[in-house]
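**Student:** Structure in structure tokens, see below.
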Amino acid sequence: MFSLRARYASPGRTVVTAHRGFSGQYPENTLLAFSKAYELGVDVLEFDVRESADGGLVVIHDATLDRTTTGTGRVDQHPLATLKRLNASCWEGPHDRGRRLPVPSGEAEIPALEEVLSAFAGKVGLNIQVYADRKEALDTIVRLYLHYDLRASGFLMLRTFAEAERVRALSPDVALCVGEDRVNLERHLSFGVDYVQPTRQCLTEPFVLRLQETGIPANVFYANDRDIMAELMARKIPGIMTDIPDVLLDLIHSI
2 MFSLRARYAS PGRTVVTAHR GFSGQYPENT LLAFSKAYEL GVDVLEFDVR ESADGGLVVI
62 HDATLDRTTT GTGRVDQHPL ATLKRLNASC WEGPHDRGRR LPVPSGEAEI PALEEVLSAF
122 AGKVGLNIQV YADRKEALDT IVRLYLHYDL RASGFLMLRT FAEAERVRAL SPDVALCVGE
182 DRVNLERHLS FGVDYVQPTR QCLTEPFVLR LQETGIPANV FYANDRDIMA ELMARKIPGI
242 MTDIPDVLLD LIHSI
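Numbering (my numbering), first residue to last: 2 to 256.
Written as structure tokens, this is what we have:
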């Protein structure tokens with residue numbers, strides 16, 4: 002069984018998170034992008050979960066379909082069956098400097114959450130960014146997290162501490178990370194999160210020193226430049242999220 006905490010505890014290791022899979026080269030948040038990242042040997046797959054109009058859970062980042070798929074409008078205004086018929090290969094390149102393609106690059110679908118869990122649970126770390134608002138959706142996500150026994154290998158990334166409280170009330174066995182107030186590390190530590198995901202702008206010297214003192218698993222969002230990756234590694238940042246995990250892994254192996 003894969004242990005993400007063991008990866009973080011390994012001395013000198015930089016934990017590599019593939020942002021929306023190997024999204025710099027393959028359609029983001031698709032089974033293809035996740036499979037290619039897994040084949041590279043990344044430690045963690047990061048992906049986003051939203052709710053369909055009929056309560057299905059799908060893996061897509063944007064609230065709307067227009068950027069990455071052949072559909073239009075809000076994700077939560079379409080039933081699951083409609084979403085599954087769309088082509089999700091309409092964006093090329095990293096999220097911060099890619100482009101919308103005039104025609105899809107392949108045949109990738111929007112995956113259902115359970116498709117991703119079924120394919121990768123227990124094999125690689127899973128960083129699950131939750132964009133679902135309804136209580137029923139959170140209930141289902143927690144149920145699937147427990148069913149696939151993700152405590153050792155995955156965590157839920159919630160937008161707010163209030164959402165994290167709701168998940169904690171559903172089950173204390175869900176590993177948590179929170180996106181709110183990322184610069185305030187002490188707030189995260191006092192809440193009792195299992196992971197932190199600071200932006201690069203958070204990484205003042207006192208912040209980094211406190212990370213190192215506590216040993217809490219930290220995953221920086223994000224680095225899509227080799228020089229920035231090297232700088233983060235030199236500062237002994239525990240983990241780095243990137244759209245181009247091949248570049249980060251090559252850098253790690255070259256040192």
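We put the beta carbon where it would ideally sit given N, CA and C, even for glycine.
Determine the closest residue to residue 146 out of 53, 121 and 65, with distance taken between C-alpha atoms.
**Tutor:** As a first step, residue 146 must be located in the sequence shown, where it is residue number 145. It is 121 whose Cα lies nearest to the Cα of residue 146.
**Student:** Would DSSP call residue 195 helix, strand or coil?
**Tutor:** Translated into positions along the sequence shown, residue 195 becomes position 194. In the structure shown, residue 195 sits in coil (DSSP, three-state: anything other than H, G, I, E or B).
**Student:** Going by C-alpha distance, which of 3, 14, 26 and 184 is nearest residue 98?
**Tutor:** Within the sequence shown, the letter at position 97 stands for residue 98. Of the candidates 3, 14, 26 and 184, 26 places its Cα closest to the Cα of residue 98.
**Student:** Does the Cβ of residue 202 have 16 or more other Cβ atoms within 10 Å, making it buried, or fewer, making it exposed?
**Tutor:** The sequence position of residue 202 within the sequence shown is 201, counting from 1. So residue 202 counts as exposed.
**Student:** Can you tell me which residues form a DSSP beta bridge with residue 20?
**Tutor:** Stepping through the sequence shown from its first residue, residue 20 is reached at position 19. For residue 20, which the question treats as bridged, DSSP gives the partners 47.
**Student:** Give a yes or no on contact between the region 9-18 and the region 208-223, applying the rule of three or more CB pairs nearer than 8 Å.
**Tutor:** yes
**Student:** Do residue 183 and residue 200 have their C-beta atoms closer together than 8 Å?
**Tutor:** Within the sequence shown, the letter at position 182 stands for residue 183. Within the sequence shown, the letter at position 199 stands for residue 200. For residue 183 and residue 200, yes; Cβs fall inside 8 Å.
**Student:** Return helix, strand or coil for residue 93, following the three-state DSSP convention.
**Tutor:** Numbered from 1 along the sequence shown, position 92 holds the residue referred to as residue 93. DSSP places residue 93 in strand when its eight states are reduced to three.
**Student:** Use the C-beta contact count for residue 59: other C-beta atoms within 10 angstroms, 16 or more gives buried, fewer gives exposed.
**Tutor:** Stepping through the sequence shown from its first residue, residue 59 is reached at position 58. By the neighbour-count rule (16 or more Cβ atoms within 10 Å), residue 59 is buried.
**Student:** Alpha carbon to alpha carbon, how far is residue 235 from residue 255?
**Tutor:** By 1-based counting over the sequence shown, the position of residue 235 is 234. By 1-based counting over the sequence shown, the position of residue 255 is 254. The straight-line gap from Cα to Cα measures roughly 14 Å.
**Student:** Could you compute how far the alpha carbon of residue 245 sits from the alpha carbon of residue 176?
**Tutor:** Taking the sequence shown and counting its residues from 1, one reaches residue 245 at position 244. Taking the sequence shown and counting its residues from 1, one reaches residue 176 at position 175. Spanning the two alpha carbons is a distance of roughly 26 Å.
**Student:** Assign residue 142 to one of three DSSP states: helix, strand, or coil.
**Tutor:** The sequence position of residue 142 within the sequence shown is 141, counting from 1. In this structure, residue 142 counts as helix in the three-state DSSP scheme.
**Student:** Between the C-alpha atoms of residue 12 and residue 240, what's the straight-line distance to the nearest angstrom?
**Tutor:** Here residue 12 is taken as the residue at index 11 of the sequence shown, counted from 1. Here residue 240 is taken as the residue at index 239 of the sequence shown, counted from 1. Taking the straight line joining both Cα atoms gives about 12 Å.
**Student:** Check each candidate in 7, 30 and 41 and name the one with the smallest Cα separation from residue 251.
**Tutor:** Numbered from its first residue, the sequence shown carries residue 251 at position 250. Nearest C-alpha to residue 251: 41.
**Student:** DSSP state of residue 230, grouped into three classes?
**Tutor:** Translated into positions along the sequence shown, residue 230 becomes position 229. It is helical.
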